[in-house]
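*Asks:*
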Amino acid sequence: IKEARRAVIGGGLSVLRAVFSLLELDEMHVAQGALRHGALVDLMDREHAQSDQRSLSVQRLAHTFGADERQAQRVGRVAEFLLMSLVQDQAPLEHDELARHLRKLNWAAQLHEIGSAISHTDYHRHGAYILDNADAAGFTMNELHRLSQLVLGHRGKLRKLEGLQLDDPDFVLQLLALRLAVILCHARREPDLQGLRLSWDGLRSVRLEYPEGWGRAWPQSAWLLHEEAQAWAKTAWTIDVQAA
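Using full-length UniProt numbering, the first residue of the sequence shown is number 1, and each one after it goes up by one.
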């Protein structure tokens, strides 16, 4: 034993014996890796949006790649409104669980245009690549990949997403809310949400209704919403868009 360790080996052994006793452990194996310093503190901080290290990482990524902050916030607000509309008629989610879903959806909204720093063509693919290869403090690789899939799928055809993702209702509802928000904010201004009604049957069917007057006032948005319904028709999900 190194001289510097002699003074602490006894205390460490005492703690280890106490852990074995309290947890009723029989044996312990040497690990090939270790938790980074502060990992447990980060996990505890995740319960609070203000102290979640991941939120800071999202802000840094958005700033680094020059995302349009006003558009990102606009899309985020609309996406959160739509997700709340989708789940309000279903079995109520625990407050903390709903807060986590909304937080992750908002992260995707903040980052959905970061790929534009590389190219405006297929920027959603570039954004997904950035997230899959980013070093973002607080995120696990799986969390970053799920976020990248939301960014990848926020526009265009849905078949590019991994098949299992569309079997996960939580992911699909987040994705749908993000895609619809991007459509409604296509003019890069606050959209008119008055009279829009969005509902989910709890299975694989979603209905979106808008007033006829809304469709006449915003014909481009109405057309894009019907195009979106056709995109989902090629999946196991059904999106019914109707003028009420």
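Just so you know, even glycine gets a beta-carbon here, dropped at the ideal spot from N, CA and C.
Please state whether DSSP places ALA243 in a helix, a strand or coil.
*Replies:* Of the three classes helix, strand and coil, the one that applies to ALA243 here is strand, per DSSP.
*Asks:* Less than 8 angstroms between C-beta atoms, sequence neighbours within five positions excluded: which residues of the same chain meet that for ASP240?
*Replies:* Result list for ASP240: SER205, VAL206, ARG207, LEU208 and ALA229, in chain order.
*Asks:* Cβ of LEU82 within 9 angstroms of Cβ of LEU176?
*Replies:* Cβ distance < 9 angstroms, so LEU82 and LEU176 count as in contact.
*Asks:* Considering only DSSP beta bridges, list what THR238 is partnered with.
*Replies:* Note: THR238 sits in a beta bridge opposite SER205.
*Asks:* Going by DSSP, what residues sit across from LEU198 in a beta bridge?
*Replies:* Per DSSP, LEU208.
*Asks:* From the DSSP output, in three-state form, read off THR64 for me.
*Replies:* Helix, per DSSP.
*Asks:* In whole angstroms, give me the CA-to-CA distance for HIS95 and LEU102.
*Replies:* Approximately 11 angstroms, taken between the alpha carbons.
*Asks:* Cβ of PHE65 within 9 angstroms of Cβ of SER116?
*Replies:* Yes.
*Asks:* Alpha carbon to alpha carbon, how far is ARG77 from TYR123?
*Replies:* Cα to Cα, the separation comes out at about 21 angstroms.
*Asks:* Can you find the residues in the same chain that come closer than 8 angstroms, C-beta to C-beta, to GLN59, ignoring five residues on each side of it along the sequence?
*Replies:* Around GLN59: GLN110.
*Asks:* How many Å lie between GLU56 and GLU212 at the Cα?
*Replies:* Note that residue 56 is Leu in the sequence shown here, rather than Glu. Approximately 42 angstroms between the Cα atoms of the pair.
*Asks:* Alpha carbon to alpha carbon, how far is GLY127 from VAL143? Give it in angstroms, no decimals.
*Replies:* First, the amino acid is wrong: residue 143 is Glu here, not Val. Taking the straight line from one Cα to the other gives about 15 angstroms.
*Asks:* In the DSSP assignment, the alpha helix (DSSP H) including MET84 goes from what residue to what residue?
*Replies:* Here the alpha helix (DSSP H) through MET84 covers 69-87.
*Asks:* Assuming LEU150 and LYS234 make a contact with CB atoms under 8 angstroms, what is their CB distance in whole Å?
*Replies:* Their Cβ separation, rounded to whole angstroms, is 19 angstroms, which puts LEU150 and LYS234 out of contact at 8 angstroms.
*Asks:* Which whole-angstrom value is the C-beta distance of GLY138 and GLN32, which I expect to be below 8 angstroms?
*Replies:* Not really, about 23 angstroms apart at Cβ, beyond 8 angstroms.
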